[in-house]
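Engineer:
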Amino acid sequence: MDLFPAAFPIQEILPPEDFRHVKRLYGIGGLSYGNLSARKDDRRFWMSASGVNKGNLSRIGEDMLLVKHFHEERKTMQLSVPPNVTPRRVSVDAIEHWMIYTEHPKVGAVIHIHAWMDGVPSTQINYPCGTVELARAVAQLVREEDNPDRAIIGLKNHGLTITGRDLDDIFERIEGRIIPQVPMS
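In this text, residue positions in the sequence shown follow the working numbering: the first is 3, and each later residue adds one.
(1) For Ile154, collect the residues of the same chain with a Cβ closer than 7 Å to its Cβ; drop the 5 residues on either side in sequence, then sort them by chain order.
(2) Using the C-alpha atoms, what's the distance from Asp171 back to Glu14?
(3) Below 8 Å on the Cβ atoms is my contact criterion, and I expect Ile68 with Trp100 to pass it. Report the Cβ-Cβ distance as a whole number of Å.
(4) Which residues in the same chain have their Cβ closer than 6 Å to the Cβ of Glu147, if we skip the five residues on either side of it in sequence?
(5) By a C-beta neighbour count over all protein chains shown, 10 Å radius and 16 as the cutoff for buried, is Met186 buried or exposed?
(6) Can you confirm whether the stretch 124-131 touches the stretch 66-82 when touching is taken to mean that 3 or more C-beta pairs between the two stretches lie within less than 8 Å?
(7) Hey, would you say Ser39 sits closer than 9 Å to Ser50, going by beta carbons?
(8) Counting only runs that start and end within the stretch 99-144, where is the beta strand (DSSP E) found for 3 or more residues in a row?
(9) Hey, how far is the Cα of Arg45 from the Cα of Pro107?
(10) Count the other CB atoms, across all protein chains shown, that sit within 10 Å of the CB of Gly57; report buried if there are 16 or more and exposed otherwise.
(11) What's the C-alpha gap between Glu105 and Gln142?
(12) Which value, in whole angstroms, describes the spacing of the CA atoms of Gly31 and His114?
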């Protein structure tokens, strides 16, 4: 998808040679910024770990984590990790995915990308990433959609959260419609 985490058009500011160097140095591009998840069963889902290359998810417990619960009081996600594996940190957006999966049993996958699409409902406040407040605002907008199982929700000054039957469904629906630069207001 060739998306970048910058809040400004970095590819237009840097000379092409410097931009290529930054991409190589930081591994920028694809879905490395953002996250994705897929439902395992009624109460658990697989989710990408924080900071991993989403194009190369190969190690369970390191690249992909099995989220089994959200601990409300501690505001922490509970994971199931194979023995002898030191897990990476799950994406900060796991709470948002948890709320969506819990409320909408037909949602089979969720992705979050740092990009935009015209004409999507959006949060009105620029909440910090990974907060319960952001998760609740996104969950509310998903709930208000005609078809919550296939929603596209904007996160003000940040990106998109997209629900679908599965990852293929999501990517088919957004193909050719993504605007790489998130509008800032």
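Idealized CB from N, CA, C, for every residue including glycine.
Structural biologist: This is what the structure holds:
(1) Along the sequence shown, read from residue 1 onward, the residue named residue 154 stands at position 152. Cβ neighbours of Ile154 beyond the five flanking positions: Met119, Val122, Leu162 and Ile164.
(2) Translated into the one-based positions of the sequence shown, residue 14 becomes position 12. Translated into the one-based positions of the sequence shown, residue 171 becomes position 169. Approximately 31 Å, taken between the alpha carbons.
(3) As a position in the sequence shown, residue 68 is number 66, starting the count at 1. As a position in the sequence shown, residue 100 is number 98, starting the count at 1. What sits at residue 68 in the sequence shown is Leu, not Ile. That pair is no contact at about 12 Å.
(4) For the purposes of this step, residue 147 is taken as the residue at position 145 of the sequence shown. Closer than 6 Å at the Cβ level, and outside the excluded window around Glu147, lie Ala153.
(5) As a first step, residue 186 is located in the sequence shown; it is residue number 184 there, counting from the start. It is exposed - the Cβ of Met186 has fewer than 16 other Cβ atoms within 10 Å.
(6) They do not touch, by the three-pair rule.
(7) Numbered from its first residue, the sequence shown carries residue 39 at position 37. Numbered from its first residue, the sequence shown carries residue 50 at position 48. Result yes, Cβ atoms of Ser39 and Ser50 sit closer than 9 Å.
(8) Here the runs fully enclosed are 111-115.
(9) As a working mapping, residue 45 is identified with position 43 in the sequence shown. As a working mapping, residue 107 is identified with position 105 in the sequence shown. Straight-line spacing of the CA atoms in Arg45 and Pro107 works out to 9 Å.
(10) Numbered from 1 along the sequence shown, position 55 holds the residue referred to as residue 57. Exposed.
(11) By one-based count along the sequence shown, residue 105 stands at place 103. By one-based count along the sequence shown, residue 142 stands at place 140. If you take the alpha carbons of Glu105 and Gln142, they lie about 10 Å apart.
(12) Here residue 31 is taken as the residue at index 29 of the sequence shown, counted from 1. Here residue 114 is taken as the residue at index 112 of the sequence shown, counted from 1. Residue placement at Gly31 is flagged as unreliable, the pLDDT there being 48, under the threshold of 50; the coordinate-derived value follows with that caveat. Cα to Cα, the separation comes out at about 14 Å.
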